[in-house]
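Protein chains in written order, with the numbering used here: chain U, 1 to 416; chain E, 1001 to 1416.
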DNA sequence: GGGGTTAGGAAAGGGGGTTTACGAAGTCCG
DNA sequence: CGGACTTCGTAAACCCCCTTTCCTAACCCC
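Below is the structure:
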C-alpha cells in the first residue's frame, strides 16, 4: 500500500499554485493564497521556488487599497517548452507549448494502416518532435520534457506499452525505443488519462477534487479525478469505461463483448446510430468518421431532424452511461471532452444533461454539473504535455542535499 | 477543494497500526513496522498512544533470535465498547462489540411496515441500544461510540438522512433525534459505506489501497476504497451502483428506471430470475426473500440444477456489472459482501469470476482478485461500529495542549 | 515627512516521519 | 558465572511541511 508522505503535500501544493498562476496569469501572492487556501507564507515559498526555476517571472505591481502594492507574477512563457505527442490509430499529432501552454508549433504525421510496427511509429514521433522543435526555434536545453500519449495499457514505471489494440502491440518497450532518438525527458501514458489531466489543470475540472472526464472520440473512456488527483488504479488502467456493458447482448464490440458503451457513443457507434435511423442519409460518409461527425454537427446547426434525432439517440445511451458514473462517483463535474464532444457541442451536452437527469439519482445529480470541455485544442496533446510539466515540477522535489561540501564523510569508524 | 494536512498522515497511520493489531492480535512492534512499512520509531510512538488510550495492552514477550525479547501488544478487549446499529427496512439490528470487534451482545427489533415514522425508528434504536448495553453489563462511560447505518443518502456533517427510499423520508434530522435519547457519540452513514469500511478494516480489503466492495443484499451497491480510504464523493453518495443500467429498457426498478443491476442481482431480482427460469420451483418462497435465498443455497449444496442455473444466470448479470467496475477502477480486489453473497457463497463467486473474466479487459482483470467477504457477522453492524472506532481514534488527534502535568501515569509495570 | 495601511519576508512553532545512538534485556559460550 | 554478542525499544537529532507572528518595505494620504 502506497504511503503518503509530507512531500506529496508539497508537490500537490506546488501543482495547485502553478495551475492557478497559469489560469489567471498576472496574479498576486495574495490572490493565490486566497484561491488555494494556503497561507501566505507557503504561497510565497512556492512562488519563490517557481521563480528560481524560471517557470514564472515577476511582471510588475498592482495597486493595493492604500498600502504597499502587490507584486504580480506571471508564467514565464519563454522559460521552457513542453511537447505533447498524441499517437492515434491514423496519425501522430505533436504540439510544442510554451509554459503558458500556448501552442508554438504543430506537426502531424499521417500513419498508414500498414505502418503499424513500433519502429515505424517511433520514426513518425521522432520526425514530428524534431519538426516542432525546429519550427519553434527552441534550443534543445529549453525543452523540459515530452509527454507521449499512446492508446491502450501503459506501464509508466517501465515505459512499456503493454497492449495497444489498434496495432496488436504486446509489451512494446516504447519508452526505450523513443529514448534512443529523443534526448528530452519522456513521459508515457494513455490518452484517457492525458485528457483527464489536461482537464484537471486547464479545463473544467480545475480546482475540483472529484471529476469525471468523459472522453468521446473514436474510442471512449472516462478519466477519473478523485481526491484532487488522477486515479490510476493498481496497474494504471483505471478509466476503461468504453467497454462497460450498457446493452446486454447488444452490438458486438471489437473487444469481443456485446453492448459496450463505445459501440453506441464512440464515433463509429454514432455512425451506426445514424445508419440505423436513416440508412440513406446524406450525412453519412461510410468510411469517414470525421466527415460524418462533422456533417452531423453541420446538421445540428440547421436543425436537421435526422441529425437531431441521431444526437438525441446517442445522448440517450451516453446519458444512461454517465448517470451510472454520477451515481457511482458522485463527482462535482462531468466533463465531455475530445473531438466528438467538441464537434457536437452544446446540443449534445444539453441532450445528455436531460438523459442523465432521467437516469441518475436525485442527490448525486444535484451535486453534479455536466459541461463541455473548454479546451480548444487537441486535449490529448495538451494532457501529454501536462505530464511533462508535472514531471518537471516533480523533480524539483528531489532535494539533492544542498549541503555542497559533503563534509567529514570520514567519520566512519568501521566496526566489526 | 479539501486540503490534505500532515495530520491526516498521522491519522491514517494510526488506523493502519490499529487495524494490524486487531488483525494479528498478539503482535510485536517489529511485526507492525514490517507490516505497515513505517519506521520502528513511528510505530513505537503510535503504539504508545494506543496504550495510553488503553485501547491496547502489553501482554507479554516473545523470544527473539538471541536478543532482547519482543514486547507483545494486543487489543485491550475490555478497553471500551463499540455499538453498531444496522437500520433496515424490516428490522433494526444492534450489536455491541469489544475493541477486538467480538460481538458481546446483540439485539434485534422487528419493524412492521406501518412503523415507518422516524420517531418510531428512533424508539427501536434506543431500545435496542439500551438492551445491548444492559446485556453486556458495560458501564456507559466505556461505550466509545455508536455507529448507525441507515439506508439512503446521509449527510454526515449535519446528521440528516436526506433521503431514505424505503420509508419516503426526506431530510430527517436523524442524528438530532437520536442524540436526544442516546448519550454516546454518534456516527451516521449508510450501509454501503459501512460494509466497505468493515471490509477495509477487518475483511478482504485490509491493506489494499484500491478495492471495490460489492454489497449484495436486498439492495445492491459498491463501496469504493480508493487510495487507502473510503471514497465518499462530493456529497457523500458515492457507491450507488445498484441503479447502474445493465439492460437498457430492462426490468422496471423502484427507482423509476429500467434495467438496473439491482433488479437482476438483488435478492428480489434473484427471486425473479428463479421465477422466470422455473415458475413453479419449490425453491421459491414468493413473499420471503430470505427463505428463497436460503433455499437456493441449500439447492446449491445438493447440486440442484435449477439452483445452479439461477446462480449461473445471476452471476452472468453480476459478472457483467463487476467487470465494468474492474475496468473502471482497476482495483486490487473485489469483495462480495452482505447476506446474499454470504448465503450463496463460493458457488456464486466461482461463477462470477468466470463471468467477469469473460467481460473485463485482460490487464485490469489480471490485477484483480474476486473474493467472498471473510466477515462472518452482519457487516453493516460491524462497519457502523467501525465508524465509531474511527471516530474515537480521530479525536485523539485533537491535541489540545498536552501541557498537562500528568506525568508518571501510575508507573504500572506490565504484568509479566 | 510622519502616520496609516498593506505586502512580503524571516523566524519561531507545531506536526509528522526517519535515522542514529544508546540503554535494556535477553542468549551464548568460555 | 560473567563477558560477548544480539536484538529490542526509546530518546534525541534531523529533515520536511505548513502556519503564525513579528518586522520591515513600500506606498498613500494628510
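A virtual CB, placed ideally from N, CA and C, is assigned to each residue, including glycine.
> If the cut is a Cβ gap below 7 Å, which residues of chain U does residue 1329/E touch?
Replying inline: Numbered from its first residue, the second chain carries residue 1329/E at position 329. Those are 233, 238, listed as they occur along chain U.
> Within 10 angstroms of its Cβ, does residue 373/U collect 16 or more other Cβ (buried), or is it exposed?
Replying inline: Working through the first chain from its first residue, we reach residue 373/U at position 373. When all chains shown are included, residue 373/U counts as buried.
>> Among the candidates 257/U, 307/U, 256/U, whose CA atom is the shortest distance from the CA of residue 279/U?
In response: The sequence position of residue 279/U within the first chain is 279, counting from 1. Closest by alpha carbon: 307/U.
>> Taking its Cβ as the centre, do 16 or more other Cβ atoms sit within 10 Å of residue 61/U, making it buried, or is it exposed?
In response: Your numbering for residue 61/U matches position 61 in the first chain. Residue environment for residue 61/U: exposed (fewer than 16 other C-beta atoms within 10 angstroms of its C-beta).
> Nearest to residue 1038/E by CA position, among 1012/E, 1024/E, 1366/E, is which residue?
Replying inline: Counted from its first residue, the second chain places residue 1038/E at position 38. Looking from the CA of residue 1038/E, the closest CA among 1012/E, 1024/E, 1366/E belongs to 1012/E.
>> Applying the 10 Å Cβ sphere with the 16-neighbour rule, what's the burial state of residue 86/U?
In response: The count along the first chain starts at 1 and reaches residue 86/U at position 86. Buried: at least 16 other Cβ atoms inside 10 Å.
> Given residue 1017/E, which residues of its chain have a CB within under 8 Å of its CB, disregarding the five upstream and five downstream residues?
Replying inline: As a working note, residue 1017/E is residue 17 in the second chain. The answer, listed in chain order, is 1032, 1036, 1038, 1043, 1046, 1047, 1050.
> For residue 198/U, does the count of other Cβ atoms within 10 angstroms reach 16, so buried, or fall short, so exposed?
Replying inline: Position 198 of the first chain, counted from the first residue, corresponds to residue 198/U. The residue in question, residue 198/U, is buried, as its Cβ has 16 or more Cβ neighbours within 10 Å.
>> My assumption, with CB atoms under 8 Å, is that residue 214/U sits in contact with residue 322/U. Please give the rounded CB distance.
In response: What you label residue 214/U is simply residue 214 of the first chain in a count that begins at 1. What you label residue 322/U is simply residue 322 of the first chain in a count that begins at 1. Their Cβ separation, rounded to whole angstroms, is 6 Å, which keeps residue 214/U and residue 322/U in contact under 8 Å.
> DSSP state of residue 1314/E, grouped into three classes?
Replying inline: By one-based count along the second chain, residue 1314/E stands at place 314. Helix at residue 1314/E.
> Between the stretch 1140-1156 of chain E and chain U, which residues of the former have a C-beta closer than 8 Å to a C-beta of the latter?
Replying inline: If the cut-off is 8 Å between Cβ atoms, the stretch 1140-1156 of chain E has 1153 near chain U.
>> Does residue 1303/E come out as helix, strand or coil in the three-state DSSP assignment?
In response: Looking up residue 1303/E in the second chain gives position 303. Look at residue 1303/E here: in three-state DSSP terms it is coil, with no helix or strand label.
>> For residue 9/U, would you say it is in contact with chain E, using Cβ-to-Cβ distances shorter than 9 Å as the test?
In response: As a working note, residue 9/U is residue 9 in the first chain. Residue 9/U belongs to the set of residues whose beta carbon lies under 9 Å from a beta carbon in chain E.
> How is the beta strand (DSSP E) around residue 83/U delimited, first residue to last?
Replying inline: Position 83 of the first chain holds residue 83/U. Unbroken beta strand (DSSP E) run through residue 83/U: 81-87.
> On the three-state DSSP scale, how would you describe residue 285/U?
Replying inline: Numbered from 1 along the first chain, position 285 holds the residue referred to as residue 285/U. Looking at residue 285/U - three-state DSSP - the assignment turns out to be coil, as it is neither helix nor strand.
> Helix or strand or just coil, what does DSSP make of residue 455/U?
Replying inline: Because residue 455/U is not part of the residues shown, which for chain U are 1 to 416, the question remains open.
>> Would residue 201/U and residue 222/U be called neighbours here (beta carbons separated by less than 9 Å)?
In response: Position 201 of the first chain, counting from 1, holds the residue named residue 201/U. Position 222 of the first chain, counting from 1, holds the residue named residue 222/U. Result no, Cβ atoms of residue 201/U and residue 222/U do not sit closer than 9 Å.
> What residue range is occupied by the uninterrupted beta strand (DSSP E) comprising residue 1149/E?
Replying inline: In the second chain, counting from the first residue as 1, residue 1149/E sits at position 149. Element bounds for residue 1149/E: 1143-1149.
> What does residue 110/U pair with, by DSSP beta-bridge criteria?
Replying inline: For the purposes of this step, residue 110/U is identified with residue 110 of the first chain, where counting begins at 1. DSSP output for residue 110/U lists 91/U as bridge partner(s).
>> Let me check one thing: in DSSP terms, what residues is residue 253/U bridge-paired to?
In response: Taking the first chain and counting its residues from 1, one reaches residue 253/U at position 253. Residue 253/U pairs with nothing; no bridge assigned.
>> Strictly below 7 Å CB to CB, what residues from chain E border residue 126/U?
In response: Stepping through the first chain from its first residue, residue 126/U is reached at position 126. When 7 Å is used as the limit between beta carbons, residue 126/U is near no residue of chain E, the shortest such separation being about 27 Å.
> Between the stretch 137-150 of chain U and the stretch 375-386 of chain U, do three or more beta carbon pairs fall short of 8 Å?
Replying inline: Contact between the stretch 137-150 of chain U and the stretch 375-386 of chain U is present: three or more C-beta pairs spanning the two stretches fall below 8 Å.
>> Starting from residue 57/U, trace the beta strand (DSSP E) in both directions and tell me its first and last residue.
In response: Locating residue 57/U in the first chain gives position 57, counting from the first residue. Element bounds for residue 57/U: 56-62.
> Looking at residue 1208/E and residue 1332/E, is the spacing between their C-beta atoms short of 9 Å?
Replying inline: As a position in the second chain, residue 1332/E is number 332, starting the count at 1. As a position in the second chain, residue 1208/E is number 208, starting the count at 1. Yes. Within cutoff.
> Using a C-beta to C-beta distance shorter than 8 Å, which residues of chain E count as neighbours of residue 255/U?
Replying inline: The residue you call residue 255/U lines up with position 255 of the first chain. In chain order: 1361.
> Taking C-alpha atoms, which residue in 1191/E, 1257/E, 1123/E lies nearest to residue 1338/E?
Replying inline: Within the second chain, the letter at position 338 stands for residue 1338/E. Checked all of 1191/E, 1257/E, 1123/E; the closest Cα to residue 1338/E is 1191/E.
> Would you report the Cα separation of residue 393/U and residue 1009/E, rounded to the nearest angstrom?
Replying inline: Residue mapping note: residue 393/U aligns to position 393 of the first chain, counting from 1. Residue mapping note: residue 1009/E aligns to position 9 of the second chain, counting from 1. Residue 393/U and residue 1009/E have their C-alpha atoms spaced approximately 23 Å apart.
> For residue 1260/E, which beta-bridge partners are listed by DSSP?
Replying inline: Counted from its first residue, the second chain places residue 1260/E at position 260. When DSSP reads this structure, residue 1260/E sits in a beta bridge with 1245/E.
> Assuming residue 1090/E and residue 1122/E make a contact with CB atoms under 8 Å, what is their CB distance in whole Å?
Replying inline: Locating residue 1090/E in the second chain gives position 90, counting from the first residue. Locating residue 1122/E in the second chain gives position 122, counting from the first residue. In fact, because the Cβ distance is near 17 Å, the residues do not count as touching under 8 Å.
>> I need the boundaries of the beta strand (DSSP E) containing residue 337/U, first residue and last residue.
In response: In the first chain, the residue the question calls residue 337/U occupies position 337. Run containing residue 337/U: 333-337, per the beta strand (DSSP E) assignment.
> Using the beta-carbon count (16 or more within 10 Å), is residue 114/U buried or exposed?
Replying inline: In the first chain, counting from the first residue as 1, residue 114/U sits at position 114. Residue 114/U comes out exposed.
> Any heavy atom of the ligand GDP closer than 8 Å to the Cβ of residue 70/U?
Replying inline: Of ligands this structure carries none, so the ligand GDP is not represented either.
>> Does the structure place the stretch 262-274 of chain U close enough to the stretch 312-329 of chain U that three or more beta carbon pairs sit under 8 Å?
In response: Short answer: they touch.
> According to DSSP, what are the bridge partners of residue 226/U?
Replying inline: As a working mapping, residue 226/U is identified with position 226 in the first chain. Per the DSSP secondary-structure output, residue 226/U pairs in a beta bridge with 229/U.
>> With a threshold of 8 Å, are at least 3 pairs of Cβ atoms found where one atom belongs to the stretch 1246-1258 of chain E and the other to the stretch 243-254 of chain U?
In response: Enough Cβ pairs lie closer than 8 Å, so yes.
> Just checking, does the stretch 1359-1371 of chain E make contact with the stretch 1075-1085 of chain E on the three C-beta pairs under 8 Å criterion?
Replying inline: Pairwise C-beta distances place the stretch 1359-1371 of chain E out of contact with the stretch 1075-1085 of chain E, as fewer than three of them are shorter than 8 Å.
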